[in-house]
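Take a look at the structure below.
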Amino acid sequence: MGFLRALAIVILGVIQVSSLTWSETDFMFIFGDSYTTTGWNISAGIDSPVPGFTSSNGPNWVQYLGGTYNVTDTKVFNLAYGGATIDSALVPPYLPTVQSIVNQVSLFEQFLGHKPVGASWKSDNSLFAFWIGINDVGNSVSWTNVSQSAFHTTLMKRLFGQVEELYHSGARSFLFLTVPPTNRAPIFIVQGSSMTARVASSIADYNSQLRSFAKAFQQEHKDLDQVVVFDTQSIFNTLLDNAKTFGFVNASGYCDTYQNGTPSIATQVGPCAPVADYFWLNTLHPLFTVHDETCETATGQFEFTTHIVLDADLNMEPMLVYRALRKISDWTLTTFYSEVYVVGRENVPTDGPVIVYAGTLFSTHIATLAVTIPHRRRVSFWAKSSMFKSPFTRFIMVSSGSIPVSRNPNNAAATQSPSATPTPATKSLLSTTSRALSRQGVVGVFPEGTSYSEPRIMQVKGGAAIAALEYVKWESEMDDIGTHERPKKKLSLVPVGIVYTDKSQFLSRIVVRYGKPIPIDTYSEQYLSALTKSDTRVILGNLNAEIERRMFELTINAPDWETLYACQMSREILWCQTDVPLKDFTSISQTLVSIFTPQATSERQQHVKASLLKYASLLHYTGLRHNSLSSVLPRVGSQRPSSTSAPTVNQAARSLFYNLSVSLLHPRFLLFFPVFVLHIPAYCTSLLAVRFFADRELEETISQFKVIFGGIGLTASYGLVAALVVKAVKRVSMAQMPSGRLSAIVMSSGMLSRGDAGILARLLRTIGLGLVAYSAVRALAKRHKLLVKGNYAQFKRLIASYKVFRGVLSQPSLSIPVDRLNSSYLRPPIPPRNPFVKYPASTDDDPARGEREPPVPSYKLIRHLLEARERAVRDLVGYLQQQEVKHQDNMTPAWMDIQSRVKDLQKEIGLLFKDR
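Mature numbering (1 follows the signal peptide of the UniProt record, and there is no 0) puts the sequence shown at residues -19 to -1, 1 to 897.
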């Protein structure tokens, strides 16, 4: 930690007090000269327009800081004035009307110090910036009646006297920019090497004193938020020394035609090169391109110093919040989902830096990664930087291992392609991410960027790609300055596919597949040797394309919703009363997708898909599932579908009575009933949350509300059970205590001792009561887990039998008319588009997306449902038999599993209904 702080001061030229919160700065007050001014006049009012008069023939550093590199919509008040010095009485400006720093601070106190409406700044959200001294040094460098160093001390005292006034007004965050190497400007170059050397020496002394006074100021005021001195010498000299690399055709002169400004930043006149190809606009002022590079570098270093502070926090142990959240995630996944199958554990190393990337930003995905990561490694996730503001939320975020992300509300619509020039917010994120990885950490990234409901991966942003390559670059830079304290290990970039058998369904299952790491050596070498931004962009794009390809391999992707629905319906029909093995779930599902992917010449395929979609639609609107429905009906017959597809009223009544008896009288339910009663709060809170809060059109939100609010209800239930157990144990006497393990725990802990016992006895008593309560809750949870699946399946069969009975009991005339059926119930509803997803141009926007038919009583659809079921099953079997012939020479294991199920189903279809 101490070394990194020293590194920031020595190498970056930054004095860092506590933490530079540029990403949380809401107001910025600027003081300076022609390098800084935009021509704004505070006397005309705080909302007066900004003329944009700059000396750079375009935006200057202030405008870039408040615009391009503005990560929090900072409001800028620029009081700088062209030609300004620190104090006109010490260094007279070229005109007596020029506002010096003394005058500018006075204007601030007059118009902004009282925090008026529109400028209601606070100490903790405002930055005060100074770039001054160019004219002070330049105008006084030839003076022979004073000592340059002593005079600079006088200037510093006057400057920091003004800073002190701002401090007393409430300013707590300060930024100072050093005088750039104006000794390399044309105005001094033409005066010869002696003058340039004298100016360089004077600038060096001025900047040295600026740093010393800034350090003394921060030592005197312990309540400062930040004091930063940014060294402009480094960036200016880098640009000047490598002018051709940065595209400057002339770094020591200028074009006379351009010196007073041009109509356009792309102007080219006569023999001169385009104006943007020059470093200097005139004798003293650099062009806007230099301001851009300076500002970009400055903001990047601001963020670097911010995360030096976070280094200590991110190393915090024992990360209690993370451990607690992971344990809660353990309970959540094992309670809501019946099985979590993990494959590919060998692809995640036991140590070393790892980036795991896993599709959409979905809360269950976060929990799944935290729980299933091999070797129980700790995963750090990106989180909004504003969550780190207050001490309480900061403790939560840091203790959970989160990495702060600065977000710009003005740039919400992120592009899909990775950028070769990261914004300051991105630089901040990458800097902290690299530090987390350098400590052999694991970082979880979700390249799709947001949560959405689509049949396939729609976008893969460049977050994982740029995080990986920027880490390699960061490691290379650390190697150059020898800061590695441990042997360096290669970065592993591991794809993760998280697939749900039914995302929002209670007791569904999850497949988590950790893929083989992407070899990034080739990409890294190319990235480190890239000469232009265009080259960098191509390399990032290539790595991002590989990331996208790996994500497609590990997940299920269909070209459209109809194909995905047909795949899901086929899978449910083929594996009706059994589960698809999770190890094969993804491959089988993707094979079914390929079978039903649209083919222009296949009328048979379109017919089968239409049958499957109609059946799936009617299941959706009746609230039934194929396996529950099939379990209460006779087998599908081979005869043509007709009105006889439905069972008789007597058959339906017998089925209902049978399922009701099994549901209530089976020993499985009798054992489950006490546990069921205790879990009613969890069931109720889950269902009520979905009904009143969730977007019913989005499966992700339904799942999240079920899990979160079900967990809240479960916590309440288990808390009540624990309290009752503790209360009961306190009341029981040792004579009444049954023998066995519980009695041993009670006796050894002394939990039945009286309140007047010693401290140790009371401590043991408390621990013992806690262990008993925990044991009781755990036993309750295990019993629920053991019995809930069978009872839940039986409950769904009971509901299905009731709905079938109600449907066949009603008159056929009450069913939905066929014309309405064929116009409104031909496919399940399609979720609406997510406005934050960048869809490919080739993606059609179905006008019916997001639309749902108004709810109707299920009995009006039951007869149509039963007929659609028979047609869908028969059509599917026939079509898959046909496809088997076509694929005999290319039979994959998934195809073989599908054909095995087809043959089993064909045998069933060959049997007529027993009661006919």
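Built from N, CA and C at the ideal position, the CB exists for glycine as well.
Reference residue i; option with closest CA among the options
{"i": "Phe260", "options": "Thr275, Gly234 and Ser245", "result": "Gly234"}
{"i": "Pro758", "options": "Thr159, Pro74, Gly700 and Thr747", "result": "It should be pointed out that residue 758 corresponds to Val in this sequence rather than to Pro. Per the Cα distances, Gly700."}
{"i": "Leu842", "options": "Leu474, Asp856, Leu605 and Leu767", "result": "Leu605"}
{"i": "Tyr481", "options": "Val302, Leu314, Tyr840 and Lys203", "result": "Leu314"}
{"i": "Ser81", "options": "Val475, Gly242 and Gly13", "result": "Gly13"}
{"i": "Ser592", "options": "Lys564, Ser150, Met872 and Gly859", "result": "Gly859"}
{"i": "Ser510", "options": "Leu563, Val453 and Met550", "result": "Val453"}
{"i": "Ser15", "options": "Asn772, Leu265 and Thr696", "result": "Leu265"}
{"i": "Leu524", "options": "Glu534, Ser583, Lys884 and Leu450", "result": "Leu450"}
{"i": "Glu146", "options": "Trp112, Lys711, Leu158 and Val83", "result": "Val83"}
{"i": "Phe211", "options": "Arg179, Ser245, Ala181 and Phe157", "result": "Phe157"}
{"i": "Val710", "options": "Thr696, Ile689, Ala754 and Arg672", "result": "Ala754"}
8 Å Cβ shell around residue i - same chain, five flanking residues per side excluded
{"i": "Phe654", "result": "none"}
{"i": "Phe786", "result": "Val630, Ala633, Ala634, Ser636 and Leu637"}
{"i": "Arg552", "result": "Val561, Ile569, Ser570 and Leu573"}
{"i": "Thr243", "result": "Asn38, Val250 and Val256"}
Where residue i falls: helix, strand or coil (DSSP)
{"i": "Ala364", "result": "strand"}
{"i": "Glu435", "result": "coil"}
{"i": "Asn871", "result": "helix"}
{"i": "Gly13", "result": "strand"}
{"i": "Asn231", "result": "strand"}
{"i": "Pro385", "result": "strand"}
{"i": "Ile377", "result": "helix"}
{"i": "Ile168", "result": "helix"}
{"i": "Asn59", "result": "strand"}
{"i": "Ser551", "result": "helix"}
{"i": "Ser101", "result": "coil"}
{"i": "Ser489", "result": "coil"}
{"i": "Tyr75", "result": "coil"}
{"i": "Gln580", "result": "coil"}
{"i": "Gly26", "result": "coil"}
{"i": "Trp312", "result": "helix"}
{"i": "Leu512", "result": "coil"}
{"i": "Arg801", "result": "helix"}
Residue i burial status per 10 Å Cβ neighbour count (16 or more: buried)
{"i": "Asp28", "result": "exposed"}
{"i": "Ile740", "result": "exposed"}
{"i": "Gln586", "result": "buried"}
{"i": "Thr374", "result": "exposed"}
{"i": "Asp237", "result": "exposed"}
{"i": "Leu779", "result": "buried"}
{"i": "Leu767", "result": "exposed"}
{"i": "Met137", "result": "buried"}
{"i": "Gly251", "result": "exposed"}
{"i": "Leu645", "result": "exposed"}
{"i": "Gln580", "result": "exposed"}
{"i": "Lys708", "result": "exposed"}
{"i": "Gln200", "result": "exposed"}
{"i": "Ile661", "result": "exposed"}
{"i": "Thr159", "result": "buried"}
{"i": "Cys665", "result": "exposed"}
Cross-strand partners of residue i (DSSP beta bridge)
{"i": "residue 923", "result": "The question about residue 923 has no answer, for the chain in this structure spans -19 to 897."}
{"i": "Val209", "result": "Leu156"}
{"i": "Pro267", "result": "Trp261"}
{"i": "Leu108", "result": "Met9"}
{"i": "Gly425", "result": "Val337 and Phe362"}
{"i": "Ile499", "result": "Leu474"}
Own chain residues within Cβ distance below 6 Å of residue i, not counting five before or after
{"i": "Asp483", "result": "Ser489"}
{"i": "Asn59", "result": "Ile11, Thr19, Trp21 and Val43"}
{"i": "Trp542", "result": "Pro436 and Ile811"}
{"i": "Pro161", "result": "Thr213 and Phe217"}
{"i": "Gln880", "result": "Glu865"}
Cβ neighbours of residue i in the same chain (closer than 7 Å, five flanking residues each side left out)
{"i": "Tyr303", "result": "Arg359, Ser380, Ser381 and Gly382"}
{"i": "Val154", "result": "Note that residue 154 corresponds to Ser in the displayed sequence, not to Val. For Ser154, where only same-chain residues beyond five positions count, the Cβ hits under 7 Å are Ser107, Leu108, Phe109, Asp206 and Gln207."}
{"i": "Ser684", "result": "Thr345, Lys484 and Ser485"}
Minimum Cβ-Cβ distance from residue i to chain D less than 8 Å
{"i": "Ser24", "result": "Judged by its chain identifiers, the structure shown contains no chain D, having just a single protein chain."}
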